[in-house]
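With the UniProt record's numbering, letter number 118 in the sequence shown gets 118, and the count goes up by one each step, no holes.
Idealized CB from N, CA, C, for every residue including glycine.
Keep in mind the model is a prediction, meaning the values are calculated, not measured.
The structure appears below as structure tokens.
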Amino acid sequence: MRWKNITVVLFTLISLFGCSLTHKLVYRIDVNQGNYIDQKAVEKLKFGMSREQVMFLLGSLMLVESGYPNTWYFIQWQKSGYEEPKQKEIILYFDNNNQLISMKGDYQPKSNFFEVIR
1 MRWKNITVVL FTLISLFGCS LTHKLVYRID VNQGNYIDQK AVEKLKFGMS
51 REQVMFLLGS LMLVESGYPN TWYFIQWQKS GYEEPKQKEI ILYFDNNNQL
101 ISMKGDYQPK SNFFEVIR
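Shown next as structure tokens:
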């Protein structure tokens with residue numbers, strides 16, 4: 001009788017701890033959502049670029065607020081396996097002539113951002 005009780009307790013403990021130990025052994029896919037934002041493409045942005053030129057460099061935008069059509073949001077969300085999710089964004093501002101006038105976010109423009117486009 002004693003061996004049966006020890007076996008049941010041992011089996012229960014192994015079952016409970018086994019699940020928690022193998023949790024990290026299960027493969028989790030990487031989840032990427034939103035825009036892929038490349039620092040090299042951001043560095044090519046210049047003051048005065050048209051919306052079409054910006055879209056050519058960065059791809060389709062993620063979000064345009066209905067009340068602020070001159071503000072574009074490019075958002076990148078990544079979750080790799082068991083790591084914490086990472087979110088990066090870049091916000092671009094255009095004037096009423098559809099020309100890029102400013103940007104902010106996790107990516108910084110190159111020092112020649114304000115040079116004249118040729």
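Check, Outcome
"Of the listed residues Y36, K79 and G48, nearest to G59 (C-alpha basis)", "Y36"
"Check whether E43 and K110 have beta carbons under 8 Å apart", "yes"
"Cβ distance (whole Å) where M62 is taken to contact I75 below 8 Å", "5 Å"
"Inter-residue Cα distance where the pair is M103 and Y93", "6 Å"
"Span of the alpha helix (DSSP H) around V64", "Run containing V64: none in the alpha helix (DSSP H); it sits in the beta strand (DSSP E), L63 to E65."
"Q87 and W77 closer than 8 Å at C-beta", "yes"
"Bridge partner(s) assigned by DSSP for E83", "E83 is not bridged to any residue."
"Among I91, N97, K79 and E84, nearest to Q33 - alpha-carbon criterion", "K79"
"I91 and G48 closer than 8 Å at C-beta", "no"
"Limits of the beta strand (DSSP E) - the one that Q33 falls within", "V31 to G34"
"When G81, N98, D95 and F113 are compared against Y27, the one with the closest alpha-carbon", "G81"
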